[in-house]
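First residue of the sequence shown? That's 127 in the working numbering, and the numbers climb one at a time after it.
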Amino acid sequence: MTIEFIAHDKKRFLPLLLLADEQESMIDRYLERGDLYVMRDDDGTPIAVAVVTLEGEGVCELKNLAVKPEAQRQGIGSRLLGYLCRHYSKSCRTLLVGTGDTPQTTSFYRQNGFTYSHAVPDFFTANYDHPIIENGILLRDMLYFCKPLASPTSCILRPAMPEDLPAIRNLFRDTILTVNLRDYTPEEVADWASCGDDIARWHTLFSTLHFLVAVDSAGNLTGYASLRDDGYLHSLFVHKDHHGEGIATALLSAMEDYARRHGIPEITSEVSLTARPFFERRGYQVMKAQKARARHLYLTNFVMSKSLHP
């Protein structure tokens, strides 16, 4: 058997793709921007397909995985999935997959090393023009599972220490003045960054929040996050020179794990225009848009939340 990357004329494999996603318009949403792989048998006949999209911040998503009915239950799906995990581990740290809530499919991904991440309520009923029934079960919610693809050697997570505060403060200011300048005016980012000038305030936050930092192999701070005991994610920032390395994903995953271990059922946060797409990819939903005061000015952000699986 061979696995082939398909760059052109992807629609010729539509019959196979429809086995896993039975509405063509839904396939059209990801096929052209995604990477298509085809597994062929010894005669060169296509027997399985997969589509993977790059979602940024070290995350890729398996959008479609289908095996011809006569070739199923022979380990072909797991073999193709294993190939994808090895291939994308060179460039990504996490593989996501969304699937219907049926014992057969969820068991398949769990057996291949995936763990539950989050759910998108009513995904199938809201996005498909007909009922989707799989193994006799009417699908409603989309369940997301994730699998780490590689250990980020450049990202070490540890609890924050008091001596980290100067570096945290500088990272907070520098990130806002550079990264968030893409979505806010110079006056807005300057006002927002000035919120970090009060050193006493940082010590208060450090004593009342659970802080986690990311450092590189030399011990330099590359990111940090903080969480309140009621599930409010107070902050999540990554050094301006280390975006796209999976650090935000690692920090947020660690905070979610911490919340689950401490019986916190939901995480909420006030998320910037810049960070909103990242949080949406991680299963957070916008509850409302608002104007929140930084120091003197009111900036647009979003109250977002995610329910954590028990």
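Heads up, the beta-carbon is just placed ideally off N, CA and C, and yes, glycines get one too.
Around Glu382, the same chain offers Ile393 and Leu434 as residues with beta carbons nearer than 7 Å, after the five sequence neighbours per side are excluded. In terms of Cα proximity to Ser352, the closest of Ser343, Phe363 and Ala344 is Phe363. For the region 146-228, the continuous beta strand (DSSP E) assignments of 3+ residues that do not extend past its boundaries occur at 161-166, 172-182, 185-193 and 220-226, in sequence order.
Ranked by Cα distance from Gly322, the options Asp300, Gly409 and Ser343 are led by Asp300. Look at the beta carbons and you see the region 249-256 not touching the region 317-332: under three pairs across the two are nearer than 8 Å. For Ser352, the enclosing beta strand (DSSP E) begins and ends at Leu347 to Leu353. Residue environment: Lys432 is assigned as buried (16 or more neighbouring CB atoms within 10 Å of its CB, all protein chains considered).
Contact check for Ala415 and Val339: beta-carbon distance about 30 Å, past the 8 Å limit, so the pair fails to qualify.
Assigned with DSSP and collapsed to three states, Glu313 falls in helix. Taking C-alpha positions only, Leu162 is separated from Lys136 by approximately 7 Å.
Under DSSP, Leu143 shares a beta bridge with no residue. Counting along the chain, the unbroken beta strand (DSSP E) around Met268 starts and ends at Met268 to Pro274.
Between the C-alpha atoms of Gln237 and Leu269 there is a straight-line separation of about 16 Å. Judged by DSSP in its simplified three-state form, Pro391 adopts coil rather than helix or strand. Residue burial is scored here from C-beta neighbours: Met127 has fewer than 16 other C-beta atoms within 10 angstroms and is therefore classed as exposed.
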